[in-house]
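Which chain is which? The protein sequence lines are A and B, in order.
For the first sequence, position 260 matches number 260 in UniProt numbering, and the numbering has no gaps at all.
For the second sequence, position 91 matches number 91 in UniProt numbering, and the numbering has no gaps at all.
Every residue gets a Cβ at the ideal spot worked out from N, C-alpha and C, and that includes glycine.
Each remark here refers to the structure printed beneath this line.
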Amino acid sequence: MPFGNTHNQLKMKYSAAQEYPDLSKHNNHMAKVLTEELYAQLRDKTTPSGFTLDDVIQTGVDNPGHPFIMTVGCVAGDEETYEVFKDLLDPVIEDRHGGYKPSDTHKTDLNPDHLKGGDDLDPDYVLSSRVRTGRSIRGFCLPPHCSRGERRAVEDLAVEGLGSLDGDLKGKYYALKNMTDEEQQQLIDDHFLFDKPVSPLLLASGMARDWPDARGIWHNDNKTFLVWVNEEDHLRVISMQKGGNMKEVFNRFCTGLTKIESLFKEKGHEFMWNEHLGYVLTCPSNLGTGLRAGVHVKLPCLSKHEKFGEILKKLRLQKRGTGGVDTAAVGGVFDISNADRLGFSEVELVQMVVDGVKLLVEMEKRLEKGQSIDELMPAQK
Amino acid sequence: MASTFTRVLSRKRIVGILSLAGAGSLVTGYLINKDKVHASVKSSRRMYPASAEYPDLRKHNNCMASHLTPAIYAALIDKATPSGFTLDQCIQTGVDNPGHPFIKTVGMVAGDEESYQVFAELFNPVIKERHNGYDPQIMRHPTDLDASKIRSGVFDERYVLSSRVRTGRSIRGLALPPACTRAERREVERVVADALSGLKDDLLGRYYSLTEMTEEEQQQLIDDHFLFDKPVSPLLTCSGMARDWPDARGIWHNNEKTFLVWVNEEDHTRVISMEKGGNMKRVFERFCKGLKEVERLIKEKGWEFMWNERLGYVLTCPSNLGTGLRAGVHINLPRLSKDPRFSKILDNLRLQKRGTGGVDTAAVGSTFDISNLDRLGKSEVELVQTVIDGVNYLIECEKRLEKGQDIKIPPAPGQIK
């Protein structure tokens, strides 16, 4: 919808060569896959809601990328994008998600009883535990493409659904545009408030239009379950608490998500999901589970070890700074989370984090005592 | 996968969606599932009534927000220009940028020449507010690029450090930066670079494409203060004009570095004539000569500039309609700038001050950028003459203050009749 792509057919008067973007200096997944031939093949297609190839790739054209960090470079405007533009998105998905094929099926498992352990991560090292994912409401366009009316409808549905939660999930919604200064300060202090995106990766996709209209934050009274509405996805769902009890965090996560899903279903709405891509979200990198389970953990010795990166890779984990993606670690405290999203179930991914972090902490303790960690080296998961 | 989409596009849902439809609905006719042809499948875009789509402008302070009533929004929401530009696209920048209590921005852009007609119900009051009462429905804009009419125009260089005139031109038939496709933008570049290569004598010069520039060329252009960067202002980026940067963007300048053209920045072209010193007359002469030459050269190839007698030269931002002209000097006014009457004097002379970094910058020391306030309703010659007369008046004031004499605030001119 935004940025001049409204009448895709009019572009056809120019040849594919004339319209094909200059990707010669680009380094992102979209640029790797989108040849001029593929562009020519896909350029006359549009999803039923009018999302076009140029809409899909705009963010990747505008953001050439970084030699070291491979961004995705494309987004979906609706659920059908993944079907209509599969010739572009399947290879992108395969590259991004460790060889996930168009014929593969994705397992969804939100049964927290299937998680083994996870309640005993050492709180002297593991400062906090968190699990997040996203959900999209079927039948509504995604943030890059939605109209104001649609975005507001998504907000209404979310507020209505979340308003029915009770027990330890009972909470309150704070609309970004109606927030008082006190509420805003409290949400900042709780580290809950999200800001208008500044990253050009996000802005170029159009998802920040009309900010802060229909955006908001819901959280439970206990401040352990949080939902972002209309930020990068329709819903981002977060369960978190201080300390190392990942099992409790995951329990609450699954319970909350399952409740929210059934509340939506009562009103005749469902989440975007299919057995190939799992949960469908705006960015192809978040398909499948959309899940990032992570801890803030103190690893001052281990993080200086020459094999730190290799260990994480073997455990299928990634490190970030405590400010989140694209930040640096402060004082030896790292954000450690699962690297995968698609092709593994929620339980499997959280299990990897739980087992992996347990091992990392053990290694840290050994290194503290000056002992070797060679015999603890894990095999590739 | 197939069955999922069949459920999504079931008849019941389509009926539900269409019942929400306003006056219009998109018809794209794309069929996902080729095996099961649904003859009645049209766009599954959710259509909401205008009242559900109307932006929340309660905290906004820009010209668009001042004039976009729910009624006007409803009347225009289903319209599109021939190239498909919609009202929502025109106003997106104004919705995304609420504005500032002191600085009233425009808050909307055109995607093509036709935007000003199709969305006239909103553009006209915005134009009227921004351009001092100019009413496109009844008034005509005078174009006059005859530099021989200019009187005086050589300033005292003890005060005036440099002189500059800029405007913009759009190539008729190609969409403007917020809406253009990559191919259209490249076509603008091709047409303009081709025409500029035909310039001769003191206008002979060279084009530097942003994508192909060498590091040395880039450094030289930065040192000359010619290089423009990818816009960072959200006022500009929210309109979509920075898409695909730096594709088809570039800078042309003559060998003497006194005539410069920006290609595909905020407009198809921005044309700048400038020199150190105070010879505004010569700067304007070169400006007019260059513009007319470029126009002649594009006409040879069957192109022309966007222009009409109601709006003058048509550019992306309504604030630049008419002449699109900003004629200004960098001038040092150490005493006058500290006088409390300075702002009022400028107001009455129809001048504005900026810092020497351009719009939204602060002055350094006592050196200011002084230029015309108006763009539409007065000709190029009139506006440049206004700047010349005004700057001469300011210099007179400065000289009087130097001698300890008093200065007078000049009388205010009337509004456009």
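Worksheet item: Would B/GLN89 be called buried (16 or more neighbouring beta carbons within 10 Å of its own) or exposed?
Response: Counting from 1 along the second sequence, the entry for residue 89 of chain B is found at position 89. With 16 or more neighbouring CB atoms inside 10 Å of its own CB, B/GLN89 falls in the buried class.
Worksheet item: Who are the Cβ neighbours of B/ARG310 in its own chain at under 6 Å, not counting the five residues just before and after it?
Response: The residue you call residue 310 of chain B lines up with position 310 of the second sequence. Within the same chain, Cβ atoms closer than 6 Å to the Cβ of B/ARG310 are found at PRO136, the five residues on either side in sequence being excluded.
Discussion item. Is A/ILE188 near the ligand NAP - that is, is its Cβ less than 8 Å away from at least one heavy atom of it?
Written reply: Among the ligands in the structure shown, none appear at all, so the ligand NAP cannot be discussed.
Practice prompt. Would you mind reading off the limits of the alpha helix (DSSP H) that contains A/SER15?
Written response: Residue mapping note: residue 15 of chain A aligns to position 15 of the first sequence, counting from 1. Counted as a single uninterrupted DSSP element, the stretch harbouring A/SER15 is not any alpha helix (DSSP H), since DSSP gives it neither H nor E.
Worksheet item: By DSSP, does B/THR86 sit in helix, in strand, or in coil?
Response: Numbered from 1 along the second sequence, position 86 holds the residue referred to as residue 86 of chain B. DSSP places B/THR86 in strand when its eight states are reduced to three.
Discussion item. With a threshold of 9 Å between beta-carbons, can residue 434 of chain B be considered close to chain A, or not?
Written reply: With chain B covering 1 to 417 only, the question about residue 434 of chain B has no answer from this structure.
Discussion item. When you compare the CB positions of A/PRO144 and A/THR47, do they come within less than 9 Å of one another, or not?
Written reply: For this step, residue 144 of chain A is matched to residue 144 along the first sequence. For this step, residue 47 of chain A is matched to residue 47 along the first sequence. In this structure, A/THR47 does not lie closer than 9 Å to A/PRO144 by Cβ.
Worksheet item: Going by DSSP, which residues form a beta bridge with B/SER209?
Response: Against the second sequence, residue 209 of chain B aligns to sequence position 209. Bridge partners of B/SER209: B/GLY250.
Discussion item. For the structure I just gave you, are there three or more beta carbon pairs, one from the segment 141-152 of chain B and one from the segment 383-401 of chain B, closer than 8 Å?
Written reply: The answer is yes - the segment 383-401 of chain B touches the segment 141-152 of chain B, with three or more Cβ pairs under 8 Å.
Fill in: Length of the line joining the Cα atoms of B/LYS36 and A/SER103
Residue 36 of chain B sits at position 36 when you count from the first residue of the second sequence. Residue 103 of chain A sits at position 103 when you count from the first residue of the first sequence. Low confidence applies here, because B/LYS36 scores a pLDDT of 32, under 50, leaving its location unreliable; read the following figure in that light. Distance between the alpha carbons of B/LYS36 and A/SER103 is about 21 Å.
Practice prompt. Please name the residue, chosen from A/SER164, A/GLY332, A/THR71, that lies closest to A/HIS219 on a Cα-to-Cα basis.
Written response: Position 219 of the first sequence holds residue 219 of chain A. Nearest C-alpha to A/HIS219 among A/SER164, A/GLY332, A/THR71: A/SER164.
Practice prompt. Would you mind reading off the limits of the beta strand (DSSP E) that contains A/PHE334?
Written response: As a position in the first sequence, residue 334 of chain A is number 334, starting the count at 1. A/PHE334 -> beta strand (DSSP E) spans 333-338.
Discussion item. Against chain A, with Cβ distances strictly below 9 Å, would B/ARG172 count as a contact?
Written reply: Indexing the second sequence from 1 puts residue 172 of chain B at position 172. Closer than 9 Å: no.
Item to complete: Output the boundary residues of the beta strand (DSSP E) element that contains A/LYS172.
Response: As a working note, residue 172 of chain A is residue 172 in the first sequence. Taken as a continuous stretch (DSSP letters only), the beta strand (DSSP E) holding A/LYS172 covers 171-175.
Worksheet item: Straight-line CA distance for B/GLU215 to B/GLY205?
Response: If you number the second sequence from 1, residue 215 of chain B lands on position 215. If you number the second sequence from 1, residue 205 of chain B lands on position 205. Those two C-alpha atoms are separated by around 19 Å.
Item to complete: Figure out for me which residue from A/TYR39, A/ASP90, A/ILE260, A/GLU79 has the closest Cα to the Cα of A/ASP22.
Response: Stepping through the first sequence from its first residue, residue 22 of chain A is reached at position 22. Nearest of A/TYR39, A/ASP90, A/ILE260, A/GLU79 to A/ASP22, Cα basis: A/TYR39.
Worksheet item: Just curious, the beta strand (DSSP E) that A/LEU127 is in, first and last residue?
Response: Taking the first residue of the first sequence as 1, we reach residue 127 of chain A at position 127. For A/LEU127, the enclosing beta strand (DSSP E) covers residues 126-135.
Practice prompt. Report the rounded CA-to-CA distance for B/SER233 versus A/PRO123, giving the unit in angstroms.
Written response: Residue numbering aside, residue 233 of chain B sits at position 233 when the second sequence is read from its first letter. Residue numbering aside, residue 123 of chain A sits at position 123 when the first sequence is read from its first letter. Cα to Cα, the separation comes out at about 45 Å.
Discussion item. Using the Cβ count rule (16 or more neighbours within 10 Å means buried), how would you classify B/MET274?
Written reply: Translated into positions along the second sequence, residue 274 of chain B becomes position 274. Classification of B/MET274: buried, given that the 10 Å Cβ count is 16 or more.
Worksheet item: Between A/GLU375 and A/ASP221, what straight-line distance do the alpha-carbon atoms span, to the nearest angstrom?
Response: Residue 375 of chain A sits at position 375 when you count from the first residue of the first sequence. Residue 221 of chain A sits at position 221 when you count from the first residue of the first sequence. Roughly 45 Å separates the two Cα atoms.
Worksheet item: Should A/ALA204 be flagged as near chain B, meaning a C-beta pair shorter than 9 Å?
Response: Counted from its first residue, the first sequence places residue 204 of chain A at position 204. Yes, A/ALA204 counts as interfacial toward chain B.
Worksheet item: Does any C-beta atom of chain B lie closer than 9 Å to the C-beta of A/HIS106?
Response: Position 106 of the first sequence, counted from the start, is the residue given in the question as residue 106 of chain A. False, the Cβ-Cβ gap to chain B never drops below 9 Å.
Practice prompt. Determine the contact status of residue 436 of chain B and B/ARG341, defining contact as a CB-CB distance below 9 Å.
Written response: The requested residue 436 of chain B is not part of the displayed model; chain B covers only 1 to 417.
Worksheet entry | Cβ-Cβ separation, B/GLY277 to B/SER366 (assumed contact under 8 Å), whole Å | By 1-based counting over the second sequence, the position of residue 366 of chain B is 366. By 1-based counting over the second sequence, the position of residue 277 of chain B is 277. With 8 Å as the limit, B/SER366 and B/GLY277 do not qualify as a contact, their Cβ atoms being about 19 Å apart.
Practice prompt. For B/ALA80, decide whether its Cβ has a neighbour in chain A, counting only Cβ atoms nearer than 9 Å.
Written response: Numbered from 1 along the second sequence, position 80 holds the residue referred to as residue 80 of chain B. At least one chain A Cβ lies under 9 Å of B/ALA80.
Discussion item. I need the DSSP call for A/ILE188, collapsed to helix, strand or coil.
Written reply: Walking along the first sequence from the start, residue 188 of chain A turns up at place 188. Assignment of A/ILE188 by DSSP, reduced to helix, strand and coil, places it in the helix class.
Worksheet item: What are the boundary residues of the beta strand (DSSP E) that A/GLY216 is part of?
Response: Taking the first sequence and counting its residues from 1, one reaches residue 216 of chain A at position 216. Boundaries of the beta strand (DSSP E) harbouring A/GLY216: 216-220, taken from the DSSP string.
Discussion item. Assuming A/HIS26 and A/VAL92 are in contact, meaning their beta carbons sit under 8 Å apart, how far apart are those beta carbons, in whole angstroms?
Written reply: The residue given as residue 26 of chain A occupies position 26 in the first sequence. The residue given as residue 92 of chain A occupies position 92 in the first sequence. The pair is not a contact, with the Cβ atoms about 13 Å apart (cut-off 8 Å).
Discussion item. So for A/HIS29, helix, strand or coil by DSSP?
Written reply: The sequence position of residue 29 of chain A within the first sequence is 29, counting from 1. DSSP places A/HIS29 within a helical segment (H, G or I) once states are collapsed to three.
Item to complete: Determine the DSSP secondary structure at A/LYS45, reduced to helix, strand or coil.
Response: Against the first sequence, residue 45 of chain A aligns to sequence position 45. Coil at A/LYS45, not helix or strand.
Practice prompt. Identify each residue in the segment 158-178 of chain A for which the Cβ-Cβ distance to at least one residue of chain B is less than 9 Å, and report them in chain order.
Written response: Per Cβ criterion, the list reads LYS177.
Fill in: Closer than 9 Å at the beta carbon, the chain A residues around B/TYR48
Position 48 of the second sequence, counted from the start, is the residue given in the question as residue 48 of chain B. Neighbours of B/TYR48 on chain A, chain order: SER147, ARG148, GLY149, GLU150, ARG152, ALA153.
Worksheet item: Should A/HIS296 be labelled buried (16 or more other beta-carbon atoms within 10 Å of its own) or exposed?
Response: On the first sequence, position 296 is the one that residue 296 of chain A refers to. Label assigned to A/HIS296: buried.
Worksheet entry | Per DSSP, the bridge partner or partners of A/LEU226 | Sequence index remark: in the first sequence, residue 226 of chain A carries index 226 (1-based). According to DSSP, residue pairing for A/LEU226 in a beta bridge involves A/HIS219, A/ILE238.
Discussion item. If you measure between the beta carbons of B/VAL126 and B/MET213, is that distance less than 9 Å?
Written reply: Along the second sequence, read from residue 1 onward, the residue named residue 126 of chain B stands at position 126. Along the second sequence, read from residue 1 onward, the residue named residue 213 of chain B stands at position 213. Not a contact, by the Cβ cut-off of 9 Å.
Worksheet item: When you compare only the Cα positions, how much space is there between A/SER205 and A/VAL72?
Response: Mapped onto the first sequence, residue 205 of chain A falls at position 205. Mapped onto the first sequence, residue 72 of chain A falls at position 72. When rounded, the separation of the alpha-carbon atoms in A/SER205 and A/VAL72 is 12 Å.
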